[in-house]
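Okay, so here's the structure we're looking at.
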Amino acid sequence: MNAIEIKALGFSYGDVPVLHGVNLTVEQGESVCLLGRNGSGKSTLARLINGLLLPKEGEVRVFGMSSADKDSLFEIRKRAGMVFQNPDNQTVASIVEDDLAFGPENIGVPPEEIGERITEALAAVGMEAYRRSTPTRLSGGQKQRIAIAGELALRPDILILDESTSMLDPRGRKEVMNVITRLNREKNMTVINITHYMDEAVGCDRAVVLSGGTVVADGSPQEIFSMGARLEEYGLGLPKAAYIAQKLTENGLPLPKGIFTAETLGDKLCESFQKD
Amino acid sequence: MLKDVTFGSYYPARSFVHSMDPRFKILAVIAYIVFIFLAKTFYAFLPLLAFLAVAVAASRVPLKSVLRSIKGIIFLLVFMAVVHVFLGGNGDVVEISGVKLQFWIFSITYSGLIGALFLMCRLTMLVMGTCILTLTTAPMELTEGIERLLAPLKYVKFPVHELALIMSIALRFIPTLMEETDRIVNAQKSRGADFESGNLVKRVKAMVPVLIPLLVGAFRRAEELGDAMDSRCYSGAKGRTKYKKLRLTYRDAVGFIVISAVGAAVIVMYCMLPALL
Ligand SMILES: Nc1ncnc2c1ncn2[C@@H]1O[C@H](COP(=O)(O)OP(=O)(O)O)[C@@H](O)[C@H]1O
Ligand SMILES: [Mg+2]
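Okay, here's the thing in structure tokens:
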């Protein structure tokens, strides 16, 4: 069964159309980044997957359950966790432990098991030492990891991150991305990462581009970043390494195609100098 | 700076009082306040003071932290005392070397002076007692305690759970909003806003450009928080479990004996002893 199955999805806020004809299938364990310029409807799509918004046309299925079906809504939210942008606005309690208990309490998990879930979630984000801490005193990256742990306590299969690294400093961003990558690789978590950082996108299995309210490109990040002029049309940039490689090639230091990360750029540069 | 001002300023430590059941602590403080108002003489303050001393000692909170709580109300204390001195008394007017301290409708009487002192003692004890509660009880425990104590009201459809949740969220957001206020104030200052000079009206006006962005920000936060709560499957009190169970322990039994003894002592003095002053 597919983790997410979206068919002919259309959505509008009042009369303002935002999404139309969106088709998208995501398998369990995939890591997908969702790209597109501001206002292209990424957050709206994320909310539709999580059941915070309901489709006006078409349907969204999460593990076969339609979000239009009121009885499955709870189950969908349980299995598809969502982490938002601002790390300050997602915790409900003044102590980490109490905050992590919030989700399991909501779905009626027995108290003894809630303790286990908290331990497990904290371990997954590497924050075991902060069980009794106050979220407001933590760094941005730590707060966001606690927000992720808050979702993990519900034992979801899908994690949707809506620009969850955009308010963090580089170190915090790295912490969060490491956690996400680890969850995806080791726990087979399906990840939908909405981001403006092209360097984050390179690390995903798959990139989906939204533009004009619909999916305009869907493929491996390498394919997407090789689209050339179309990238600009969709409001996207290149990952830093790819951009540098492109500039160097244009200015007389030919480098092979397919450079997207700093590591490959470094390797290729060394190779090209050794040749000379 | 503003970030450090936290409500009731919980003092994290492990102590006898910290480990008591918040429900018991809340009830004990209510009882203590009632006893303060039953104490009509200075003598009757003795058991209450002894109680305070024991509570502070058993809470491992430095006396300094407890005393700091009074600092915040010192203005109020002095103000009330002054009003009381001038208006609250009747009877003999104070005479200093033959000069009667009397002016128009104001006069300083002995009973006024004593009354003012009495009032100050009462208020100080009241504030110190409640502070021991907030110093030794984490905000979450406090709301938890209140929720459990009010639980019977559920049967008359009073939204106990919602109220407790609102309280705990409010407590959780106080430091965040304080920090934001700081940031906005600094941003306005750097653009030349002046919060320190001018008369009261001018200063209040200067706060408007701070309050509006703060309010707008708070609404945006509330909306995001609502989404975050929804995505964590929140749907009201129905079908919810509780992670933390509150348990009465021997500590609460000891506390009960102590507060009962204090109450008994105060009541005995209230009923039996003639008013000594
Ligand atoms: N609550 C809302 N009410 C009305 N319009 C909205 C609302 N939220 C978003 N929009 C509009 O929908 C469009 C898509 O928004 P959004 O999904 O947030 O895009 P993105 O996350 O890609 O920046 C934007 O034009 C935005 O102005
Ligand atoms: Mg968005």
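Each protein sequence line maps, in turn, to chains A and B.
Number 262 in the numbering used here belongs to position 261 of the first sequence; there are no gaps in the numbering.
Number 44 in the numbering used here belongs to position 38 of the second sequence; there are no gaps in the numbering.
Yeah, the Cβ is synthetic: ideal placement off N, Cα and C, and Gly gets one too.
Computed from a prediction, not measured in an experiment: that's the story for all the values here.
| Item | Value |
| --- | --- |
| Collapsed DSSP secondary structure at C281/A in the structure displayed | Coverage of chain A is limited to positions 2 through 277, which leaves residue 281/A absent and any answer about it impossible. |
| 8 Å Cβ cutoff, K77/B in contact with chain E | Among the protein chains in the structure shown, which are A and B, there is no chain E. |
| Coarse secondary structure for E202/B, derived from DSSP in three states | coil |
| 8 Å Cβ cutoff, R246/B in contact with chain A | yes |
| Whole-Å CB distance - A94/A paired with R29/B, under 8 Å assumed | Contact doesn't hold; Cβ gap of about 19 Å is too wide. |
| CB contact check: Y249/B to chain A, cutoff 8 Å | yes |
| N-terminal and C-terminal residue of the alpha helix (DSSP H) that N192/B is part of | V166 to S196 |
| Expected contact under 8 Å - CB spacing of T191/A and Q29/A to nearest Å | 6 Å |
| Any non-hydrogen atom of ligand 1 closer than 7 Å to S308/A Cβ | Outside the displayed span of chain A (2 to 277) sits residue 308/A, for which this structure offers no information. |
| Own chain residues within Cβ distance below 6 Å of E176/A, not counting five before or after | G142 |
| Chain B within 8 Å of I149/A, Cβ atoms only | no |
| Residues of the region 182 to 195 of chain B whose Cβ lies closer than 7 Å to any Cβ of chain A, in chain order | T182 |
| Three-state secondary structure assigned by DSSP to H21/A | strand |
| Per-residue contacts from S95/A into chain B (C-beta, under 8 Å) | A144, P145, M146, S174, L177 and R178 |
| Rounded distance between the beta-carbons of I161/A and A81/A, thought under 8 Å | 6 Å |
| Residue-chain proximity (E230/B, chain A), Cβ-Cβ < 8 Å | yes |
| Residue-level contact to chain A via CB, M235/B, 8 Å cutoff | yes |
| CB-CB length for P56/A against S68/A, believed under 8 Å | 7 Å |
| Within-8 Å CB hit, V210/A to chain B | no |
| Own chain, CB closer than 6 Å to Y16/B, minus 5 neighbours either side, in chain order | A144 |
| Short CB-CB distance (under 8 Å) between Y17/B and chain A | no |
| CB contact below 8 Å: R284/B versus chain A | As displayed, chain B neither begins before 7 nor continues past 283, which places residue 284/B out of reach and without an answer. |
| Beta-carbon separation (whole angstroms), I42/B vs M131/B, contact threshold 8 Å | 6 Å |
| Helix, strand or coil at A81/A [DSSP, three-state] | strand |
| Minimum Cβ-Cβ distance from K241/A to chain B less than 8 Å | no |
| Cβ-based burial, M2/A [other Cβ within 10 Å; buried from 16] | exposed |
| Cβ-based burial, E186/B [other Cβ within 10 Å; buried from 16] | buried |
| Alpha carbon of L129/B to alpha carbon of I120/B, nearest angstrom | 14 Å |
| L1/A versus G198/B, S266/B, A64/B and T182/B, residue with shortest Cα-Cα distance | Nothing can be reported for residue 1/A, as the shown portion of chain A is limited to 2 through 277. |
| S44/A beta carbon near ligand 2 (any heavy atom closer than 7 Å) | yes |
| Cβ contact check for the region 83 to 94 of chain A and the region 108 to 126 of chain A: 3 or more pairs under 8 Å | no |
| Within 7 Å of chain B by C-beta, residues of the region 70 to 81 of chain A in sequence order | F75, R78 and K79 |
| Neighbourhood of Y356/B by C-beta distance below 8 Å, restricted to the same chain and skipping five residues each side | With chain B covering 7 to 283 only, the question about residue 356/B has no answer from this structure. |
| Residue-chain proximity (I108/A, chain B), Cβ-Cβ < 8 Å | yes |
| R231/A versus N24/A, G37/A and I149/A, residue with shortest Cα-Cα distance | G37/A |
| Outcome for R48/A when other beta-carbon atoms lying within 10 angstroms are tallied against a minimum of 16 | buried |
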